[in-house]
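Peer 1: Provided herewith is a single structure, encoded as structure tokens, for subsequent inquiry.
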Amino acid sequence: KRHRFVLVATDYFTKWAKAALLKNMTYMEVIDFILKHITHRFGIPRTLTTDQRASFMSKKVKSFAESYGVKLLSSSPYYTQANGQAESSNKTLLKLVKKNIEEHPKKWHEVLSEALSAHRISIHGATKITPFELVYGQEAVLPVEVNLGSLSYIKQDDLSSEDYKTLMGDNLDEVIDKRLKALEEIEKEKKRVAKAYHKRVKVKLFQVGDLVWKTVLPLGTRSREFGKWSPSWEGPYRLCGIVEGTCIFWRHFRGALSASTRREYISSGFSPLAVDIGRASHEWMRV
Numbered sequence: 031k032r033h034r035f036v037l038v039a040t041d042y043f044t045k046w047a048k049a050a051l052l053k054n055m056t057y058m059e060v061i062d063f064i065l066k067h068i069t070h071r072f073g074i075p076r077t078l079t080t081d082q083r084a085s086f087m088s089k090k091v092k093s094f095a096e097s098y099g100v101k102l103l104s105s106s107p108y109y110t111q112a113n114g115q116a117e118s119s120n121k122t123l124l125k126l127v128k129k130n131i132e133e134h135p136k137k138w139h140e141v142l143s144e145a146l147s148a149h150r151i152s153i154h155g156a157t158k159i160t161p162f163e164l165v166y167g168q169e170a171v172l173p174v175e176v177n178l179g180s181l182s183y184i185k186q187d188d189l190s191s192e193d194y195k196t197l198m199g200d201n202l203d204e205v206i207d208k209r210l211k212a213l214e215e216i217e218k219e220k221k222r223v224a225k226a227y228h229k230r231v232k233v234k235l236f237q238v239g240d241l242v243w244k245t246v247l248p249l250g251t252r253s254r255e256f257g258k259w260s261p262s263w264e265g266p267y268r269l270c271g272i273v274e275g276t277c278i279f280w281r282h283f284r285g286a287l288s289a290s291t292r293r294e295y296i297s298s299g300f301s302p303l304a305v306d307i308g309r310a311s312h313e314w315m316r317v
């Protein structure tokens, strides 16, 4: 059906994911997706985090978001971790789709809905509960329960209206507790990930005048001359100023532009960082 894109949205708290097949990625399709799959179903979100694709950054999308009071946030090309939740959902959905298209790869669009369903009813590692239960307050009824006649499924037919009402009330109370518990688990997971990160990553210190290399962007770019063996770094660049905890101000080191991966210009213990490339003579690098 000539589908070329899959637009995926994930709720940061419940981890509920929604995806739509698109033939093009225009600003109108982005707005339509937000309206139909987010706003009309779950209400207006406070923020939306996207990458810097042109369709997300268009004036029409920004104007639409502003009219609904939605704050648009975007991740930079070299710091995609800022949109890590979407990256995580994309990776999970891709794995689920791959498992079902081994014999017919071109029919991937037909199993996307099934992959989404599997994702929603699976216990998430961060929340320790399924996205479905966090959103709807109860577990999903699965085909196997209906076919085999599970006890909980059969019991519902024998409940009186009063008993059913009482159970629903108890269930609502449990939902609040489950969501609070899920929030606690998310905080624990964040601390665990941060601790693991700081164990293997050393703090990098910079000084004005240092020479550094920068990643060639977009990531994976190949030159016609070197092809697969294209270098990943270019430079060197000289640091011109530092704003503590935020950015480094740097200028191209004139006469020393190189596409090699030589490390003579790297300070001891320093590994080059990816940077955003702008058009001005001065550039900014996040640290």
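Converting from the sequence shown to our numbering requires adding 30 to each position, the first position being numbered 1. Here a beta-carbon is modelled for each residue, glycine too, at the ideal position from N, C-alpha and C. None of the values given here were measured: they were computed from a predicted structure.
Scan the region 72 to 147 and note each continuous beta strand (DSSP E) run of 3 residues or more that stays entirely inside, going in chain order.
Peer 2: Listed in chain order, they are 77 to 80 and 101 to 104.
Peer 1: Given that a residue counts as buried once 16 or more other Cβ atoms are within 10 Å of its Cβ, and exposed if not, what is Arg150?
Peer 2: With 16 or more other Cβ atoms within 10 Å, it is buried.
Peer 1: Is it a yes or a no for the region 234 to 241 touching the region 258 to 273, going by three-plus beta-carbon pairs under 8 Å?
Peer 2: They touch, by the three-pair rule.
Peer 1: What three-state label does DSSP hand Trp259 in the structure shown?
Peer 2: The answer is helix: DSSP assigns Trp259 an H, G or I state.
Peer 1: Going by the CB atoms, is the gap between Ala47 and Ser328 shorter than 8 Å?
Peer 2: Beyond the ends of the chain as shown, which are 31 and 317, falls residue 328; an answer cannot be given.
Peer 1: Could you check what DSSP says for Lys244 in three-state terms: helix, strand or coil?
Peer 2: Here Lys244 sits in strand by DSSP.
Peer 1: I'd like the list of long-range same chain contacts for Leu189, defined as Cβ closer than 6 Å, with 5 residues on each side in sequence excluded.
Peer 2: The answer is none, since no qualifying residue turns up.
Peer 1: Leaving out five residues on either side along the sequence, give the residues of the same chain with a beta carbon under 6 Å from the beta carbon of Arg292.
Peer 2: Only weak support exists for where Arg292 lies, its pLDDT of 32 falling under 50; the value from the coordinates is given anyway. Within the same chain, Arg292 has no close Cβ partners at all.
Peer 1: Are the CB atoms of Val100 and Leu78 within a distance shorter than 8 Å?
Peer 2: Yes.
Peer 1: Can you check which of these residues, Ser260, Lys234 and Val165, is closest to Gly73 by C-alpha distance?
Peer 2: The shortest C-alpha separation from Gly73 is found at Val165.
Peer 1: According to the neighbour-count rule (16 or more other Cβ atoms, all chains shown, within 10 Å of its Cβ), is Ala145 buried or exposed?
Peer 2: Classification for Ala145: buried.
Peer 1: Output needed for Glu163: all residues of its chain with C-beta closer than 6 Å, excluding positions within five of it in sequence on either side, in chain order.
Peer 2: For Glu163, where only same-chain residues beyond five positions count, the Cβ hits under 6 Å are Glu169.
Peer 1: Look at the Cβ atom of Val223, then the Cβ atom of Gly167, and state whether they are nearer than 8 Å.
Peer 2: No, the pair does not count as a contact, with Cβ atoms beyond the cut-off.
Peer 1: With 16 other CB atoms within 10 Å as the buried threshold, where does Leu287 fall?
Peer 2: Any answer about Leu287 is weak, because its pLDDT of 37 lies below 50 and its placement is not dependable; what the coordinates show is given next. So Leu287 counts as exposed.
Peer 1: I'd like the span of the alpha helix (DSSP H) that includes Ala224, first residue to last.
Peer 2: Here the alpha helix (DSSP H) through Ala224 covers Ser191 to Arg230.
Peer 1: If Lys53 sits next to His33, beta carbons under 8 Å apart, how far is it from one beta carbon to the other, in whole angstroms?
Peer 2: Contact flag correct, Cβ pair sits at about 6 Å.
Peer 1: Got a sec, what are the start and stop residues for the alpha helix (DSSP H) Phe35 sits in?
Peer 2: Where Phe35 is concerned, there is no enclosing alpha helix (DSSP H), although the beta strand (DSSP E) it sits in stretches over Phe35 to Thr40.
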